[in-house]
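*Asks:* Encoded as C-alpha cells, here's the structure I'll be asking about.
Protein chains in written order, with the numbering used here: chain V, 529 to 772; chain R, 529 to 772.
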C-alpha cells in the first residue's frame, strides 16, 4: 500500500438539477479542481461543461482554461483493463477527477470500475461531498433510514414489474427496510401508475423528483391516498421509495 | 396538499469529520440558516455548536446570535405525537431546521419521524446536500453502486454476528448487491477481525473511516489480502462494506 509517488483520484459529484452549481457544490470541490488537470467523464462534452461552470465559481486568477485540461471517457462500456490503463498517469503521480453525468460517481453509474482499478493499484481514492438524488430522496421521504436497499431500475415488462413490486413490499415488511428504485424519466408515469395498482392500500409510497431544484417535489402518502390525489409526473429524473 | 401558509422543514447535514465545516458545507446550507430561527437537534448543545461554526462562515452582518435561536430536542426517544407537536410552529408559518449529530438527518439517525410528521401535516420537506459517511464510503469502495443495502448495526453476540456476516455474503452473491453496515467505534476492531474470520477468502471488504477528514482511510481488498495486511482500526466512526 505504498502510495507515496502516486497521484490521487477524486470523485467529484455533479449537480442533479440544472443550474444549481452555486448551491450544492461545497468548497472542497472548488479547491481540488484548482489542482487537477486530468479528468474522466461519462460524457466528455458534458464533463467539460460542468467543469467550466465550476471554474466560474472560482476567482479569475484560480481558473483553468477548459481546453488545457485532459478529458478521457469512462462509461458503462469501459472494461476493467481500460480502467487500469486510465489509472496509469495517476500511478505516475498525476491527480485525477472523476465526474458523473449526474450526482455521485460510482452510485447508480459506471464510476465504480475506475475506483476498483485505483484500489488495485494502491492509489488513494477521495470521495467528495455532493448531491445524491437517492440519499436526498431517502432523507426527504420520512421512511426508515436505518435500513434500506437501492435496487436501481425495475423490470420494464408489466407482469415482471408487478411481481417485483410485490416482492419489494414483502422485503420491506419482513426486514423493516425502505426499498428505493429509479426509472428513466419518460417511464415515470407508467411506473407510478403500476405502483398504485400493484401495492397494498396501506403501503407508503414516496415520489421525489427535481430535488435541489426550484421545482423539487417530495411527497409521501399511503397508496390509498395517492389514489385520491393522482398526479402527472414530469419527465424529470425521479426516485421512488416504498415502505410497508 | 395546500402548503401555502406553512413554513418549510430543512434537513441540514452535519459534518462527519471534526472541523470540516469550511470544506463540506455547500452554499445552500449557509443560505437557509440566515432565515431559520427554529431548530430540532439530536443533542441541543452539539446542535448549537455546529450552527455557531456555520455562522462563522457567513459575513458578520448575516449572522444570528445562537442564543436568539430556539432549539428543541429530537432524538430516538421522540414519539410520533411529540413530533407532530414539534411541527406545530411550522404549520403556523415558521421555518425549521433539523440537525443530526453527524451526517444527514434521517439516515441512520432519528430524523425520519419528524419528516413523517411533516408529510402528514402537508409541510414541505427540503433535504439539503451534505456529507454522508455511508454514501461516501460506497463511492470510495469501488463496489457495486447500482444495487446496495445498508443494514445499520450488526448483532453484537459473536455467534449471531458470524451468522449475519455469512448471510450478507449470500445476499451479495445472489443479488449482486453491496452490503453496507456500521459499528460503534470502540467495537470497530472486533468487527473487523470477525469479518476476516467469517468471510470467504475472495470476498472483498472495504473499510472506510474518518472520511472527509485529514486522516481518511478507505481501502478495499479481498479477505485473504486483509489477512496479510492486518491493521489496527482507530476508534473513529467507520463504515464497512462487503461484496462477493
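All residues carry an ideal CB built from backbone N, CA and C; glycine is no exception. Remember, predicted model here, so these are calculated numbers, not experimental data.
Using CA atoms only, rank isn't needed, just tell me which of 748/R, 597/R, 646/R is closest to residue 652/V.
*Replies:* Of the candidates 748/R, 597/R, 646/R, the one whose C-alpha sits nearest the C-alpha of residue 652/V is 748/R.
*Asks:* I'd like to know if residue 615/R contacts chain V, where contact means its C-beta is closer than 8 Å to some C-beta of that chain.
*Replies:* False, the Cβ-Cβ gap to chain V never drops below 8 Å.
*Asks:* Smallest Cα separation from residue 722/V: which of 729/V, 742/V, 689/V, 711/V?
*Replies:* Closest by alpha carbon: 689/V.
*Asks:* Would residue 672/R pass as an interface residue toward chain V - the criterion being a Cβ-Cβ separation below 8 Å?
*Replies:* It does; some Cβ of chain V falls within 8 Å.
*Asks:* Beta-carbon of residue 619/V versus every beta-carbon of chain R: anything under 8 Å?
*Replies:* It does not; no Cβ of chain R falls within 8 Å.
*Asks:* Let's test the definition: count the other Cβ atoms within 10 Å of the Cβ of residue 535/V and tell me whether it reaches 16, buried, or not, exposed.
*Replies:* The residue in question, residue 535/V, is buried, as its Cβ has 16 or more Cβ neighbours within 10 Å.
*Asks:* Pull the bridge partners of residue 653/R from the DSSP assignment, please.
*Replies:* DSSP output for residue 653/R lists 537/R as bridge partner(s).
*Asks:* So with CB distances below 7 Å, who are the chain R contacts of residue 644/V?
*Replies:* In chain order: 670.
*Asks:* Which residues in chain R sit within 8 Å of residue 739/V, going by Cβ to Cβ distance?
*Replies:* What residue 739/V touches in chain R: 655.
*Asks:* With burial defined as no fewer than 16 other Cβ atoms inside 10 Å of the residue's Cβ, what is the status of residue 539/V: buried or exposed?
*Replies:* Flag for residue 539/V reads buried.
*Asks:* Alpha carbon to alpha carbon, how far is residue 616/V from residue 669/V? Give it in angstroms, no decimals.
*Replies:* The straight-line gap from Cα to Cα measures roughly 42 Å.
*Asks:* Take residue 699/R and list the residues in its own chain whose beta-carbon comes closer than 8 Å to its own, dropping the five residues that flank it on each side.
*Replies:* Within the same chain, residue 699/R has close Cβ partners 677, 705, 707.
*Asks:* Grouping DSSP H, G and I as helix and E and B as strand, with all else coil, what is residue 747/V?
*Replies:* The answer is strand: DSSP assigns residue 747/V an E or B state.
*Asks:* Quick check on residue 711/R: buried or exposed, where buried means 16 or more other Cβ atoms within 10 Å of its Cβ?
*Replies:* With 16 or more other Cβ atoms within 10 Å, it is buried.
*Asks:* Assign residue 730/V to one of two classes, buried (16 or more other C-beta atoms within 10 Å of its C-beta) or exposed (fewer than that).
*Replies:* That one is exposed.
*Asks:* Taking CB distances under 8 Å as the criterion, tell me whether residue 529/V reaches chain R.
*Replies:* Note that residue 529/V has pLDDT 48, beneath the 50 cutoff, so the model's placement of it is unreliable and the number below is only indicative. Yes, because at least one Cβ of chain R sits closer than 8 Å to the Cβ of residue 529/V.
*Asks:* Which residues mark the beginning and the end of the beta strand (DSSP E) in which residue 732/V is found?
*Replies:* Its beta strand (DSSP E) spans residues 732-737.
*Asks:* In angstroms with no decimal places, state the Cα-to-Cα distance between residue 762/R and residue 719/R.
*Replies:* Straight-line Cα distance between these residues: approximately 12 Å.
*Asks:* Please list, in chain order, the residues of the region 545-561 of chain R that have any C-beta partner in chain V closer than 7 Å.
*Replies:* Here the close residues are 550, 551, 552, 553, 554, 555, 556.
*Asks:* Could you tell me the distance, in whole angstroms, from the CA atom of residue 672/R to the CA atom of residue 684/V?
*Replies:* Residue 672/R and residue 684/V: Cα-Cα distance of roughly 21 Å.
*Asks:* Report yes if the CB atom of residue 627/V is closer than 8 Å to the CB atom of residue 542/V, and no otherwise.
*Replies:* In this structure, residue 542/V lies closer than 8 Å to residue 627/V by Cβ.
*Asks:* Any beta carbon of chain A sitting closer than 8 Å to that of residue 636/R?
*Replies:* Although the question refers to chain A, the structure presented lacks it and instead comprises the protein chains V and R.
*Asks:* Could you tell me whether any Cβ in chain R is nearer than 8 Å to the Cβ of residue 624/V?
*Replies:* Output row for residue 624/V: interface = no.
*Asks:* Bridge partners of residue 707/R, per DSSP?
*Replies:* Its beta-bridge partners are 677/R, 770/R.
*Asks:* Just to confirm, is the Cβ distance from residue 775/V to residue 623/V under 8 Å?
*Replies:* The shown model of chain V, from 529 to 772, leaves out residue 775/V, and the question about it has no answer.
*Asks:* Return the chain-ordered ranges of every beta strand (DSSP E) run that is complete within the region 595-679 of chain R and spans a minimum of 3 residues.
*Replies:* Entirely contained in the region 595-679 of chain R, the beta strand (DSSP E) runs reaching 3 residues are, in chain order, 598-601, 624-627, 652-655.
*Asks:* Residues of chain R with CB closer than 9 Å to the CB of residue 633/V, please, in chain order.
*Replies:* Residues of chain R passing the Cβ test: 667, 673.
*Asks:* Helix or strand or just coil, what does DSSP make of residue 682/V?
*Replies:* Coil at residue 682/V, not helix or strand.
*Asks:* Using only the alpha-carbon positions, how far apart do residue 691/V and residue 697/V sit?
*Replies:* Their Cα atoms are separated by approximately 10 Å.
*Asks:* Could you tell me the alpha carbon to alpha carbon distance between residue 556/V and residue 551/R, rounded to whole angstroms?
*Replies:* Residue 556/V and residue 551/R: Cα-Cα distance of roughly 5 Å.
*Asks:* Taking CB distances under 8 Å as the criterion, tell me whether residue 539/V reaches chain R.
*Replies:* With 8 Å as the cut-off, residue 539/V counts as an interface residue toward chain R.
*Asks:* List the whole-angstrom C-beta distance separating residue 574/R from residue 629/R, where the pair is believed to meet the contact cut-off of C-beta under 8 Å.
*Replies:* Rounded, the Cβ-Cβ distance is 6 Å, consistent with contact.
*Asks:* Just reading off the alpha helix (DSSP H) that residue 569/V is part of, what are its end residues?
*Replies:* Note, residue 569/V: premise wrong, no alpha helix (DSSP H); beta strand (DSSP E) at 566-569.
*Asks:* From the beta carbon of residue 696/V, is the nearest beta carbon of chain R less than 8 Å away?
*Replies:* No, no contact with chain R.
*Asks:* Thinking C-beta only, is residue 657/R closer than 8 Å to residue 558/V?
*Replies:* Not in contact: residue 558/V and residue 657/R (Cβ atoms no closer than 8 Å).
*Asks:* Check this for me: beta carbons of residue 727/R and residue 759/R, under 8 Å apart or not?
*Replies:* No, the Cβ-Cβ distance between residue 727/R and residue 759/R is not below 8 Å.
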